[in-house]
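Trainee: Numbering (the numbering used here), first residue to last: 1 to 727.
Glycine included, every Cβ here is placed at the ideal spot set by N, Cα and C.
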């Protein structure tokens, strides 16, 4: 079950009995970690701390697409409890260093659903499952064992409650990982009679992934038994009495067994399970309390704080306690005094999640961005989808340019702007991923580059972001070149159809053009079609207006996006295209900025109607309460920023386009104090913005700047019945 306090109790002010580190409100009690664990949400369900290296939780038998996180609400098998998981991704990997408590002789294998003779898996009693920030527990019905777990930044703690048995055991499974994950080298050895050390080297979505571990048991094991010719499994034998608890402490490292030892000594050696659980819960409360909303429904509160929770699963800590980390060049680097991160799903998170973190976590973002710059220096280009020292290159464009440019133009302290520029420009001029033919032809021809339109349009956004840094640093020559290239998408706009359309190296249009075609086979788009990609110009709305023949025509076309037939045609259409309103696809990122174009086009009331619709229909408190993959927090970041009433549309421009706030009051802790958003006079009939004020003075523009937000102050939206434009 999802265990939480009643909302009213959670919101009681108890400041008198709370420590300085503990927020007065128990925001963690509002989190429902099961939201997104069904449908296509792919969220992690288990125990972790904010931005931690470890995600300790159950791993299922199934490895299909909807089990990318190792867990799906539709199926209750458990092959063990692994220490690394992804959350919300569209591909699977990790599930490293898996422990499974068992009773008696078992078959060693992943197993098949419904047949215990095929593996050591068990069914989990989901009716008694407890999930809360930093803690997970579930009974294993096959063995009558209660499994509990909590986490630290680089470690995990387990507590297994056994029945009386002379054949109790804990299996260390090193072979089974997630989806594409396959072993390269596996090793474990006993150190005394209560400790194991070893490593797991694998290839998969993250090639040449290296995980080192130290595991310590609260009770000496009677025997350490390697299983099989390849020693894929290790069985730790115990004798237990009824209700006896065996504790397990684990620490990981990407660098070495010695690194895992250091992490073990620093984080788990001197703590017990209950203390670690409380510490994890308190860390979540500290993060969740940085953004506060009032005047919201119970459902809004649950979705909002669960969204914050999901957003902070990653970027994931990747360095040891002494700052040592494994680089993208597979070398060990020292970086004392700084944290290094991984799990950069940048095609997703550059849009809203990372910009939001520049507001809420500037003190963390310097290390996040410097990690990206280090990766560029180690592998030759900024990260695309970095995972455990490997860039898998998933998705299109060069999103690392956008993420770094956004932080640089916002002047996040601790980032060397010139060093960042070198990484940005090096990546922008690289020949990989269609860059060479883009420089040669001015765009990516469909006969020379797969997903050519998607790649080129994302590169154009990256170019526009880089322009902002060039402008800031006085790089006039590079600025002019990149600014011209940021309009490369115009090569695809076909006036005869009104859509972006594939074009060959000979300048010939794709003949069999169908704007509804979203085939994964020989297509110019990525996880979409011409309907969505025609609007993928957050940097260039003015040019798109010119293409459509003026603002009025553009609004008419924008309306048509939401009223078009809800269909996808073509061969092998990806399930990533989900959450449709007409041809607007909220379940995937290329659509996320589009509604805010209404504000930019002078019709904010229509944008408000669309925002209300998405908030009401694409998010809920159910297990399938996300309209698509959580995408490492981007889906929730959209909800959070839309709740506040502003959203980052133009890349690295240092401003947020205004929408409509979804609650009466919101507050964000920022560098300058607190930034508040107030909604005055709202009811169901008074749903449109009439006037906007910043610190009590009229704001006669459709955006607010980043500097205005982080300085602290109050943004007030005065609501009314009239469909009006305040700027």
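Assuming residue 255 and residue 341 make a contact with CB atoms under 8 Å, what is their CB distance in whole Å?
Mentor: Reading the chain shown from its first residue, position 255 is the one you call residue 255. Reading the chain shown from its first residue, position 341 is the one you call residue 341. No, residue 255 and residue 341 are not in contact; Cβ-Cβ is about 15 Å, not under 8 Å.
Trainee: Residues bridged to residue 536 by DSSP?
Mentor: As a first step, residue 536 must be located in the chain shown, where it is residue number 536. BP columns for residue 536 are empty, so no partner.
Trainee: CA-CA distance, residue 222 and residue 67?
Mentor: Position 222 of the chain shown, counted from the first residue, corresponds to residue 222. Position 67 of the chain shown, counted from the first residue, corresponds to residue 67. In a straight line, the C-alpha of residue 222 is about 35 Å away from that of residue 67.
Trainee: So, is the C-beta of residue 223 closer than 8 Å to a C-beta in chain B?
Mentor: Protein chains in the displayed structure number just one, and chain B is not present.
Trainee: Please state whether the Cβ-Cβ distance between residue 157 and residue 234 is less than 8 Å.
Mentor: Position 157 of the chain shown holds residue 157. Position 234 of the chain shown holds residue 234. Their beta carbons are not under 8 Å apart, which means residue 157 does not touch residue 234 by this criterion.
Trainee: On the DSSP letters alone, give me the boundaries of the alpha helix (DSSP H) that residue 305 sits inside.
Mentor: Residue mapping note: residue 305 aligns to position 305 of the chain shown, counting from 1. That run of the alpha helix (DSSP H) goes 298–311.
Trainee: Under the assumption that residue 119 contacts residue 170 (Cβ atoms under 8 Å), give the Cβ distance between them as a whole number of angstroms.
Mentor: Along the chain shown, one-based indexing puts residue 119 at 119. Along the chain shown, one-based indexing puts residue 170 at 170. The pair is not a contact, with the Cβ atoms about 16 Å apart (cut-off 8 Å).
Trainee: Cβ of residue 536 within 8 Å of Cβ of residue 598?
Mentor: The count along the chain shown starts at 1 and reaches residue 536 at position 536. The count along the chain shown starts at 1 and reaches residue 598 at position 598. Not closer than 8 Å, so no.
Trainee: Name the DSSP beta bridge partners of residue 212, please?
Mentor: Against the chain shown, residue 212 aligns to sequence position 212. Answer by DSSP bridge pairing, in chain order: 199, 253.
Trainee: Three-state secondary structure (DSSP) at residue 220?
Mentor: Taking the first residue of the chain shown as position 1, residue 220 is located at position 220. Note: residue 220 maps to coil in three-state DSSP.
Trainee: Taking 8 Å as the cut-off, decide whether the C-beta atoms of residue 273 and residue 214 are in contact.
Mentor: Residue 273 sits at position 273 when you count from the first residue of the chain shown. Residue 214 sits at position 214 when you count from the first residue of the chain shown. Contact: no.
Trainee: Does the segment 406–425 come close enough to the segment 453–468 to have 3 or more Cβ pairs within less than 8 Å?
Mentor: Yes, since at least three Cβ pairs between the segment 406–425 and the segment 453–468 fall closer than 8 Å, the two stretches touch.
Trainee: Kindly indicate which residue of 101, 182, 230, 45 has the alpha-carbon position closest to the one of residue 150.
Mentor: For the purposes of this step, residue 150 is identified with residue 150 of the chain shown, where counting begins at 1. Of the listed residues, the one whose Cα sits closest to residue 150 is 45.
Trainee: Any idea what DSSP makes of residue 118, helix, strand or coil?
Mentor: By one-based count along the chain shown, residue 118 stands at place 118. Residue state, collapsed to three classes: strand.
Trainee: Would you kindly report the start and end of the unbroken alpha helix (DSSP H) that includes residue 707?
Mentor: The residue you call residue 707 lines up with position 707 of the chain shown. Residue 707 -> alpha helix (DSSP H) spans 706–710.
Trainee: When burial is assigned at 16 or more other CB atoms within 10 Å of the CB, is residue 128 buried or exposed?
Mentor: Position 128 of the chain shown, counted from the start, is the residue given in the question as residue 128. With fewer than 16 Cβ atoms within 10 Å of its Cβ, residue 128 is classed as exposed.
Trainee: Please give me, in chain order, every unbroken run of the alpha helix (DSSP H) with length at least 4 that falls completely inside the segment 464–534.
Mentor: For the segment 464–534, whole alpha helix (DSSP H) runs of length 4 or above, ordered along the chain, are 476–485, 530–533.
Trainee: Is the distance from the Cβ of residue 584 to the Cβ of residue 561 below 8 Å?
Mentor: Sequence index remark: in the chain shown, residue 584 carries index 584 (1-based). Sequence index remark: in the chain shown, residue 561 carries index 561 (1-based). Contact flag set, yes.
Trainee: Sort out for me which residues DSSP pairs residue 173 with in a bridge.
Mentor: Walking along the chain shown from the start, residue 173 turns up at place 173. Answer is 98, 233, bridged to residue 173.
Trainee: At a cut-off of 7 Å, is residue 457 close to the ligand HEM when judged by its beta-carbon and the heavy atoms of the ligand?
Mentor: Of ligands this structure carries none, so the ligand HEM is not represented either.
Trainee: Can you tell which of 227, 399, 152 has its C-alpha closest to the C-alpha of residue 174?
Mentor: In the chain shown, residue 174 corresponds to position 174, counting from 1. The shortest Cα separation from residue 174 among 227, 399, 152 belongs to 227.
Trainee: Could you check which residue in 464, 378, 393 has the C-alpha nearest to that of residue 423?
Mentor: Taking the first residue of the chain shown as 1, we reach residue 423 at position 423. Residue 423 has its Cα closest to that of 378, out of 464, 378, 393.
Trainee: Just verifying my parser: in three-state terms, what is the DSSP assignment at residue 42?
Mentor: The count along the chain shown starts at 1 and reaches residue 42 at position 42. Reduced to three states, the DSSP call for residue 42 is coil.
Trainee: Hey, quick one: how far does the alpha helix (DSSP H) through residue 145 stretch, first residue to last?
Mentor: As a position in the chain shown, residue 145 is number 145, starting the count at 1. Here residue 145 belongs to no alpha helix (DSSP H); instead the beta strand (DSSP E) covers 145–151.
Trainee: Kindly indicate which three-state DSSP category residue 561 falls into: helix, strand or coil?
Mentor: Taking the chain shown and counting its residues from 1, the one referred to as residue 561 is at position 561. Reduced to three states, the DSSP call for residue 561 is helix.
Trainee: Could you check the C-alpha separation between residue 202 and residue 97 for me, to the nearest Å?
Mentor: Here residue 202 is taken as the residue at index 202 of the chain shown, counted from 1. Here residue 97 is taken as the residue at index 97 of the chain shown, counted from 1. Distance between the alpha carbons of residue 202 and residue 97: 12 Å.
Trainee: Residues in the same chain with beta-carbon distance under 7 Å from residue 371, minus the five sequence neighbours each way, listed in chain order, please.
Mentor: Position 371 of the chain shown, counting from 1, holds the residue named residue 371. So the qualifying residues of the chain are 340, 341.
Trainee: To which residues of the same chain is residue 634 closer than 7 Å at the C-beta, ignoring the five residues directly before and after it?
Mentor: Along the chain shown, one-based indexing puts residue 634 at 634. Only 348, 349, 351, 352, 353, 589 meet the Cβ criterion.
Trainee: Kindly give me the distance between the Cβ atoms of residue 516 and residue 569, rounded to whole angstroms, as I take these residues to be in contact under 8 Å.
Mentor: By one-based count along the chain shown, residue 516 stands at place 516. By one-based count along the chain shown, residue 569 stands at place 569. Confirmed, Cβ separation roughly 4 Å.
Trainee: Cα-Cα, which of 64, 497, 212, 553 is closest to residue 93?
Mentor: Locating residue 93 in the chain shown gives position 93, counting from the first residue. Of 64, 497, 212, 553, the residue nearest in Cα terms is 64.
Trainee: According to the Cβ coordinates, are residue 122 and residue 136 closer than 8 Å?
Mentor: Translated into the one-based positions of the chain shown, residue 122 becomes position 122. Translated into the one-based positions of the chain shown, residue 136 becomes position 136. No, Cβ-Cβ distance for residue 122 and residue 136 is not below 8 Å.
Trainee: So, under 8 Å CB-CB, residue 519 and residue 571 are touching, yes? Tell me the CB distance rounded to an integer number of Å.
Mentor: Residue numbering aside, residue 519 sits at position 519 when the chain shown is read from its first letter. Residue numbering aside, residue 571 sits at position 571 when the chain shown is read from its first letter. Their Cβ separation, rounded to whole angstroms, is 5 Å, which keeps residue 519 and residue 571 in contact under 8 Å.
Trainee: Sort out for me which residues DSSP pairs residue 669 with in a bridge.
Mentor: Sequence index remark: in the chain shown, residue 669 carries index 669 (1-based). Beta-bridge pairing links residue 669 to 674.
Trainee: By Cβ distance below 6 Å, which residues in the same chain neighbour residue 581 in space, the five residues on each side in sequence not counted?
Mentor: Stepping through the chain shown from its first residue, residue 581 is reached at position 581. For residue 581, where only same-chain residues beyond five positions count, the Cβ hits under 6 Å are 562.
Trainee: So, with DSSP's three-state summary, where would you put residue 390?
Mentor: Sequence index remark: in the chain shown, residue 390 carries index 390 (1-based). Looking at residue 390 - three-state DSSP - the assignment turns out to be strand.
Trainee: If you follow the alpha helix (DSSP H) that residue 690 is in, where does it begin and where does it stop?
Mentor: As a working mapping, residue 690 is identified with position 690 in the chain shown. Where residue 690 is concerned, there is no enclosing alpha helix (DSSP H), although the beta strand (DSSP E) it sits in stretches over 688–694.
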